[in-house]
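Asker:
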Amino acid sequence: MSELYSFEVKRADATMESLEVYRGKPLVIVNTASKCGFTPQFEGLQQLYERYQSQGLEVLGFPSGQFNDQEFHSQEETMEFCQMNYGVTFPMFAKIDVKGEHADPLFRYLSSSKKGLLTEGIKWNFTKFLIDREGNIAKRYAPQTSPEKMEEDILKIL
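Quick note on my numbering: the sequence shown kicks off at 3 and runs consecutively.
1) What is the DSSP secondary structure of E60, counted as helix, strand or coil?
2) Write down the C-beta distance between K97 and T80 rounded to the nearest angstrom, noting that I regard them as a contact closer than 8 Å.
3) Would you decide whether P28 is buried or exposed? Buried here means 16 or more other CB atoms lie within 10 Å of its CB.
4) What are the start and end residues of the alpha helix (DSSP H) that includes M81?
5) Answer with buried or exposed for S113, where buried requires no fewer than 16 other C-beta atoms within 10 angstroms of its C-beta.
6) Using a threshold of 8 Å, state whether the C-beta atoms of I124 and F109 are closer than that.
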């Protein structure tokens, strides 16, 4: 059994959700920011979600303001920005820390399980993790990797 499904995360509406609800589905888990040079990746993530959701793919977005404070301070502003500017309909969660002493346990697990280039920790906004249907981390993508470049790997696990 994958450890991934043991985590609980806070939804944008502040309710808690177990990742168990995503068991058996391929996932893209990404730390996001609304005011970052990589913010246009929301569009590509939404396109992947729309294209492959019928085959089970879920994209899970976790806003974080840890990198140059590039996220709104209120959850409402974040949600409105993502929906109005990029049409985001995939699940977005509460703003979290993704690195350091107060890092969310899910991101501690992801970053320690699949190290990035030169570092274990999350280096910047839009670090992406591809999770297979069994809950294994199939691949980690650098912030500069566009969602479109993930598509071939996503097709392999669908």
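Cβ atoms here follow ideal geometry from the backbone N, Cα and C, with glycine treated the same way.
Everything numeric in this text was worked out from a predicted model, so none of it was measured.
Answerer: On the basis of the coordinates in this document:
1) Locating residue 60 in the sequence shown gives position 58, where the first residue counts as 1. E60: strand per DSSP, three-state reduction.
2) Residue numbering aside, residue 97 sits at position 95 when the sequence shown is read from its first letter. Residue numbering aside, residue 80 sits at position 78 when the sequence shown is read from its first letter. That belief holds up - the Cβ atoms of K97 and T80 are roughly 7 Å apart, short of 8 Å.
3) Position 26 of the sequence shown, counted from the first residue, corresponds to residue 28. Around the beta carbon of P28, 16 or more other beta carbons sit within 10 angstroms, so the residue counts as buried.
4) Your numbering for residue 81 matches position 79 in the sequence shown. According to the DSSP assignment, M81 belongs to the alpha helix (DSSP H) that extends over Q77 to Y88.
5) Translated into the one-based positions of the sequence shown, residue 113 becomes position 111. Here S113 is buried. Its C-beta has 16 or more other C-beta atoms within 10 Å.
6) For this step, residue 124 is matched to residue 122 along the sequence shown. For this step, residue 109 is matched to residue 107 along the sequence shown. Yes, the Cβ-Cβ distance between I124 and F109 is below 8 Å.
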